[in-house]
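Protein sequence lines, in the order shown, are assigned to chains E and U. Residue 1168 is where the first sequence starts when you use our numbering, and the numbers rise one by one after that. Residue 2 is where the second sequence starts when you use our numbering, and the numbers rise one by one after that.
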Amino acid sequence: SLQVVWDTLGNKQFCSYKIKTKTQSFCRNEYNLTGLCNRSSCPLANSQYATIREEKGRCYLYMKTIERAPFPSRLWERVLLSKNYEKALEEIDENLIYWPRFIRHKCKQRFTKITQYLIRIRKLTLKRQRKIVPLSRKIERREKRREEKALIAAQLDNAIEKELLERLKQDTYGDIYNFPIHAFDKALQQQDAESESESDVEKEEEEDEDKDKREFVEADDSDLSDFEDMDKLETSSEEEQENEEETEKKASYSKSKGKTPLKGPTRRKRPYIEIEYEKETEPTTKTKAS
Amino acid sequence: AGQGPAGSAGRDAEPPAPERVLFPPTFSVSEIKNKQRRHFMFLRWKQQQRKEKLAAKKKRRKEREALGDKAPPKAIPKTIENQRVYDETTVDPNDEEVAFDEATDEFAPYFNRQTVPKILITTSDRPRGRTVRFCEQLSTVIPNSRVYYRRGLALKRIIPQCIARDFTDLIVINEDRKIPNGLVLSHLPDGPTAHFRMSSVRLRKEIKRKGKQPTEHVPEVILNNFTTRLGHSVGRMFASLFPHDPQFVGRQVATFHNQRDYIFFRFHRYIFKSEKKVGIQELGPRFTLKLRSLQKGTFDSKFGEYEWIHKRREMDTSRRKFHL
Chain E
1168 SLQVVWDTLG NKQFCSYKIK TKTQSFCRNE YNLTGLCNRS SCPLANSQYA TIREEKGRCY
1228 LYMKTIERAP FPSRLWERVL LSKNYEKALE EIDENLIYWP RFIRHKCKQR FTKITQYLIR
1288 IRKLTLKRQR KIVPLSRKIE RREKRREEKA LIAAQLDNAI EKELLERLKQ DTYGDIYNFP
1348 IHAFDKALQQ QDAESESESD VEKEEEEDED KDKREFVEAD DSDLSDFEDM DKLETSSEEE
1408 QENEEETEKK ASYSKSKGKT PLKGPTRRKR PYIEIEYEKE TEPTTKTKAS
Chain U
2 AGQGPAGSAG RDAEPPAPER VLFPPTFSVS EIKNKQRRHF MFLRWKQQQR KEKLAAKKKR
62 RKEREALGDK APPKAIPKTI ENQRVYDETT VDPNDEEVAF DEATDEFAPY FNRQTVPKIL
122 ITTSDRPRGR TVRFCEQLST VIPNSRVYYR RGLALKRIIP QCIARDFTDL IVINEDRKIP
182 NGLVLSHLPD GPTAHFRMSS VRLRKEIKRK GKQPTEHVPE VILNNFTTRL GHSVGRMFAS
242 LFPHDPQFVG RQVATFHNQR DYIFFRFHRY IFKSEKKVGI QELGPRFTLK LRSLQKGTFD
302 SKFGEYEWIH KRREMDTSRR KFHL
């Protein structure tokens, strides 16, 4: 009759525990010894069968004999195996004495596998475990939106600039930057605060004023010395010279900062003025060209 | 009931809404059962509200112009910062107790210039490309910092080793799905540990800028808007990452700006064009942080003593309440 069972369920017709893949078929029955769907490893088609199963870290040997076949509730007999590996193997041998070789062998193999993975579980739990935190989509979206709004409200560039100017005013930078008007203001403050060193302060003020005046005068001269000429050769040479002048000016301007100038913010400071100068070498170039 | 026939005249055949629709005072849009009609009525009601508002605005403007100089001053618009719920832990600049606390807390040796900050930057296990690059850039921004890869080491074992090697701060950047999303900042000789959520990380190449790499100069630090006690301690934590004496020659500034509990980090180079104008150029990475928890000792998630944890259900109830 077991042969009949196998012939119908296992081989030909439907078995609910059977899973077929392209190369192999597996058995999902929990009492299956090997996990494959074979005539010798099907728990339904063998009246004398044994398995090893693990519960909460302890291994049990389950046995089924033909005598108990009509009593399904008492069908599977369970034996607790010892924690010691060798002893447990002996216990398996003892319980399955006179049983077919195949079942004995497969039971021991299965037991070995189970103990190995139990050891691995115990080792892994000692190591660090990644804690998985669930993200709520609604919360995430809300936080993102609030961050964007906070960014807009922060006006970071303005805030940073204000702070830097504050620090400049409070003289945290010391003598690195010398803006004449700034010094003038400072001098004014000194004058208001201390009345003793007035004379020194006045001298400083005068010097500053003179400097400013001198600066203005120079600019006027350069403006007056504009000569408008339509000749291309002249304009090119003049432009070269003017570029040199600009770079020189920039170099001197940046030397006070102590660093090479950057491209971005410094360029846009002045409107681009073309100042044309006459050079002595012009007539020579003209004659050469002609 | 009076609007019934008007509403049921059919959507397509309905002419454009008349200039002044008079809704009877007991009428409520929500009482109409039909969704289409209700929607239509709602739109009409909305339009009318808008018209009324516009008319009121115009009237007010006319009145204001008519009054001229005698007009009352313009009302200040309400912003979230204006309406912020007053936090009782806000620090008063002249508070002595706070000053005393700050003179004796874990950062006192830093602020007294007894210790020079030395920082170890590391990540969670198996960092991916973006995180690695971010760590490198962060180490160029913060002077005197090293990046060490974490190859499965437990933090609790790293910390005593770091202390032995004289590190003052430990930064761990947590990564999820190839992007950095968390930051743990721990002040080492038994100092507070802050855990942040990091968002919108931009690497250097993603920032639209034309500047060069940050140099080795020590940058200045700007801490904005840290008003409460908690904010103060967090601000001091950030300040202690950078050496105390900035080199103004470098003209670099690192900014931690707190706005509505979000801390924005930026790294700029500045240049003073005149005494009233300054230009800034952004270099370096940028990211935003949100504080999740502040712990008293070094990193210990199980037995640590937490000074502050963000509890969403209790603390996120009001839109006007901020903790930093």
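Glycine included, every Cβ here is placed at the ideal spot set by N, Cα and C.
In this structure, how does DSSP classify Gly69 (chain U) when only helix, strand and coil are distinguished? Translated into positions along the second sequence, residue 69 (chain U) becomes position 68. Helix, per DSSP.
Would you kindly work out how many angstroms separate the C-alpha atoms of Lys1416 (chain E) and Asn113 (chain U), rounded to a whole number? Within the first sequence, the letter at position 249 stands for residue 1416 (chain E). Within the second sequence, the letter at position 112 stands for residue 113 (chain U). With a pLDDT of only 43 at Lys1416 (chain E), under the threshold of 50, the placement of this residue in the model should not be trusted, and no figure is reported.
Bridge partners of Thr123 (chain U), per DSSP? As a working mapping, residue 123 (chain U) is identified with position 122 in the second sequence. DSSP output for Thr123 (chain U) lists U:Val173 as bridge partner(s).
Give the straight-line distance between the Cα atoms of Arg1241 (chain E) and Gln1296 (chain E), rounded to the nearest whole angstrom. For the purposes of this step, residue 1241 (chain E) is taken as residue 74 along the first sequence, with counting starting at 1. For the purposes of this step, residue 1296 (chain E) is taken as residue 129 along the first sequence, with counting starting at 1. Rounded to the nearest angstrom, the two C-alpha atoms are 42 Å apart.
Exposure of Pro144 (chain U), with buried meaning 16 or more beta-carbon neighbours within 10 Å: Looking up residue 144 (chain U) in the second sequence gives position 143. Under this definition Pro144 (chain U) is a buried residue.
For Tyr1229 (chain E), the nearest candidate out of E:Cys1274, E:Gly1202 and E:Arg1309 (CA to CA): To locate residue 1229 (chain E), count along the first sequence from 1; it is residue 62. Comparing Cα positions, the closest option is E:Cys1274.
Which runs of the beta strand (DSSP E) at least 3 residues long sit entirely within the segment 1182-1219 of chain E? Give them in chain order. 1185-1187 and 1192-1194
For the segment 106-126 of chain U against the segment 135-153 of chain U, do three or more pairs of beta-carbon atoms, one drawn from each stretch, fall closer than 8 Å, so that the two count as touching? The segment 106-126 of chain U is in contact with the segment 135-153 of chain U.
Local conformation of Gln1180 (chain E) per DSSP, three classes: On the first sequence, position 13 is the one that residue 1180 (chain E) refers to. Coil.
According to DSSP, is Ser319 (chain U) part of a helix, a strand, or is it coil? To locate residue 319 (chain U), count along the second sequence from 1; it is residue 318. Coil, per DSSP.
Can a CB atom of chain U be found closer than 8 Å to the CB of Ile1288 (chain E)? What you label residue 1288 (chain E) is simply residue 121 of the first sequence in a count that begins at 1. Not an interface residue.
Closer than 8 Å at the beta carbon, the chain E residues around Ile122 (chain U): Taking the first residue of the second sequence as position 1, residue 122 (chain U) is located at position 121. For Ile122 (chain U), none of the residues of chain E pass the 8 Å Cβ criterion, the least Cβ distance being about 20 Å.
Cβ of Phe168 (chain U) less than 8 Å from any chain E Cβ? Taking the first residue of the second sequence as 1, we reach residue 168 (chain U) at position 167. No, because no Cβ of chain E sits closer than 8 Å to the Cβ of Phe168 (chain U).
Provide the residue span of the alpha helix (DSSP H) that contains Gln214 (chain U), from first to last. Mapped onto the second sequence, residue 214 (chain U) falls at position 213. That residue, Gln214 (chain U), is in no alpha helix (DSSP H); it is neither H nor E in DSSP.
What would DSSP say about Tyr87 (chain U), mapped onto helix, strand or coil? The count along the second sequence starts at 1 and reaches residue 87 (chain U) at position 86. The answer is coil: DSSP assigns Tyr87 (chain U) none of H, G, I, E or B.
Within a Cβ cutoff of 8 Å, which residues of the same chain sit near Phe326 (chain U), ignoring the five residues on either side of it in sequence? Here chain U has residues from 2 to 325 only, and residue 326 (chain U) is not among them.
Could you give the first and the last residue of the continuous alpha helix (DSSP H) run that contains Ala1320 (chain E)? For the purposes of this step, residue 1320 (chain E) is taken as the residue at position 153 of the first sequence. Where Ala1320 (chain E) is concerned, the enclosing alpha helix (DSSP H) stretches over Arg1304 to Ala1321.
Measure the alpha-carbon distance for Phe243 (chain U) versus Val222 (chain U) and round it to whole angstroms. To locate residue 243 (chain U), count along the second sequence from 1; it is residue 242. To locate residue 222 (chain U), count along the second sequence from 1; it is residue 221. Phe243 (chain U) and Val222 (chain U): Cα-Cα distance of roughly 8 Å.
CA-CA distance, His188 (chain U) and Val1300 (chain E)? One-based indexing of the second sequence puts residue 188 (chain U) at position 187. One-based indexing of the first sequence puts residue 1300 (chain E) at position 133. Roughly 25 Å between the two C-alpha positions.
At a Cβ cut of 9 Å, what residues of the segment 1208-1229 of chain E count as close to chain U, listed as they run along the chain? Result list empty, no residue passes.
Just to confirm the assignment: which complete beta strand (DSSP E) runs, minimum length 3, are found wholly within the segment 172-210 of chain U? 180-188 and 194-203
Inter-residue Cα distance where the pair is Arg1287 (chain E) and Val86 (chain U): Position 120 of the first sequence, counting from 1, holds the residue named residue 1287 (chain E). Position 85 of the second sequence, counting from 1, holds the residue named residue 86 (chain U). So the two alpha carbons sit approximately 54 Å from each other.
Within 8 Å (strictly less), CB to CB, does Glu1330 (chain E) reach chain U? Position 163 of the first sequence, counted from the first residue, corresponds to residue 1330 (chain E). By this cut-off, Glu1330 (chain E) is an interface position.
Find out if the Cβ-Cβ distance for the pair Ser1214 (chain E), Cys1204 (chain E) is shorter than 8 Å. As a position in the first sequence, residue 1214 (chain E) is number 47, starting the count at 1. As a position in the first sequence, residue 1204 (chain E) is number 37, starting the count at 1. It is not a contact, given that the beta carbons lie outside the stated cut-off.
Let me know the secondary structure DSSP gives Gln115 (chain U) once reduced to three states. As a working note, residue 115 (chain U) is residue 114 in the second sequence. Gln115 (chain U) falls in the coil class under three-state DSSP.
According to the neighbour-count rule (16 or more other Cβ atoms, all chains shown, within 10 Å of its Cβ), is Ala1137 (chain E) buried or exposed? One cannot answer for residue 1137 (chain E) here, as it falls past the ends of chain E, which runs 1168 to 1457.
Quick one: Cα of Ser275 (chain U) to Cα of Lys179 (chain U), how far? Stepping through the second sequence from its first residue, residue 275 (chain U) is reached at position 274. Stepping through the second sequence from its first residue, residue 179 (chain U) is reached at position 178. Our two residues, Ser275 (chain U) and Lys179 (chain U), have alpha carbons roughly 44 Å apart in a direct line.
Where do the N-terminal and C-terminal ends of the alpha helix (DSSP H) with Gln162 (chain U) fall, by residue? Translated into the one-based positions of the second sequence, residue 162 (chain U) becomes position 161. Annotation: the continuous alpha helix (DSSP H) that includes Gln162 (chain U) extends over Leu156 to Ala165.
For chain E, is any of its Cβ atoms less than 8 Å away from the one on Arg149 (chain U)? Your numbering for residue 149 (chain U) matches position 148 in the second sequence. The sequence given here has Tyr at residue 149 (chain U), not Arg. For Tyr149 (chain U), the answer is no, since every Cβ of chain E falls outside 8 Å of its Cβ.
Tell me whether Leu284 (chain U) sits in a helix, a strand or coil according to DSSP, three-state version. Within the second sequence, numbered from 1, the residue matching residue 284 (chain U) stands at position 283. Secondary structure of Leu284 (chain U) (DSSP, three-state): coil.
Should Val99 (chain U) be flagged as near chain E, meaning a C-beta pair shorter than 8 Å? Numbered from 1 along the second sequence, position 98 holds the residue referred to as residue 99 (chain U). Not one chain E Cβ lies under 8 Å of Val99 (chain U).
If the cut is a Cβ gap below 9 Å, which residues of chain U does Ile1327 (chain E) touch? Residue mapping note: residue 1327 (chain E) aligns to position 160 of the first sequence, counting from 1. Chain U residues near Ile1327 (chain E): Ile223, Asn225, Val254, Thr256, His258, Arg267, His269, Tyr271, Val279 and Ile281.
Using 8 Å as the limit for Cβ to Cβ distance, is Glu276 (chain U) near chain E? As a position in the second sequence, residue 276 (chain U) is number 275, starting the count at 1. For Glu276 (chain U), the answer is yes, since a Cβ of chain E falls inside 8 Å of its Cβ.
Can you tell which of U:His218, U:Ala195, U:Glu207 and U:Lys75 has its C-alpha closest to the C-alpha of Lys297 (chain U)? Residue mapping note: residue 297 (chain U) aligns to position 296 of the second sequence, counting from 1. Nearest option by C-alpha distance: U:Ala195.
Using a Cβ-Cβ cut-off of 8 Å (strictly less than) and excluding sequence neighbours within five positions of Gln84 (chain U), which residues of its own chain qualify? Residue numbering aside, residue 84 (chain U) sits at position 83 when the second sequence is read from its first letter. Closer than 8 Å at Cβ, skipping near neighbours: Arg321.
CA nearest to the CA of Arg210 (chain U), picked from U:Arg51, U:Arg127, U:Gly69 and U:Gly280: The residue labelled residue 210 (chain U) in the question sits at position 209 within the second sequence. Closest by alpha carbon: U:Gly280.
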